[in-house]
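When you line the sequence shown up against the UniProt record's numbering, it's residues 1 to 103, in that order.
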Amino acid sequence: MEEANRRACNLILKRNIGRGSNTLDLHSLYAHEAVEAMQGFIETQQKMCILITGQGRHSMNGAKVRPAVVNYLKNHKFNLSDGDASQVKVYLHSERNAPRDVS
């Protein structure tokens, strides 16, 4: 089962090909998979990146990915802001005027 989940995760992440190089679509992943993918992606970014988390409309008991992503980013002192209810903008390195909080 774990191998099947890993293959599914890789297929889901492949849909990012063709998106902007600073955008990562995480929805449809399990929360732990999204955080792991986000960690590697953020390391490749220079100034700002956009993480598409989805709103959790298709999750039982509400959103899972967005809270996990936001929690990780806050715990690791990243500057972030809402793009809208389905995405988070993360400001890296020299983005001094970036907002600092997201709900």
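Backbone N, C-alpha and C fix where the C-beta goes; we use that ideal spot for every residue, glycine too.
Host beta strand (DSSP E) of residue i (start-end)
| i | result |
| --- | --- |
| Gln87 | Gln87 to Tyr91 |
| Thr23 | Thr23 to Asp25 |
Where residue i falls, given that 16 or more other Cβ within 10 Å makes a residue buried
| i | result |
| --- | --- |
| Asn79 | buried |
| Ala63 | buried |
| Glu33 | buried |
| Gln39 | exposed |
| Ala85 | exposed |
Delimiting residues of the alpha helix (DSSP H) encompassing residue i
| i | result |
| --- | --- |
| Leu73 | Val65 to Asn75 |
Close-in-space but distant-in-sequence residues of the same chain around residue i (CB under 6 Å, 5 per side omitted)
| i | result |
| --- | --- |
| Tyr72 | Val35 |
| Tyr30 | none |
Sequence-distant residues of its chain with Cβ nearer than 7 Å to residue i (five each side left out)
| i | result |
| --- | --- |
| Lys89 | Met48, Ile50, Leu80, Ser81 and Gly83 |
| Val69 | Leu26, Ala34, Val35, Met38, Leu51, Thr53 and Val88 |
| Gln45 | Asn22 and Leu92 |
Proximity test, residue i beta-carbon vs the ligand HEM heavy atom, cut-off 6 Å
| i | result |
| --- | --- |
| Ala85 | Absence of the ligand HEM is noted for the structure shown, with no ligands found whatsoever. |
Contact set for residue i: own chain, Cβ-Cβ below 8 Å, skip 5 residues either direction
| i | result |
| --- | --- |
| Asn97 | In this prediction, Asn97 scores a pLDDT of 47, lower than 50, which makes its location untrustworthy; the coordinate-derived value is nonetheless stated afterwards. Excluding sequence neighbours, Asn97 sits near nothing in its chain. |
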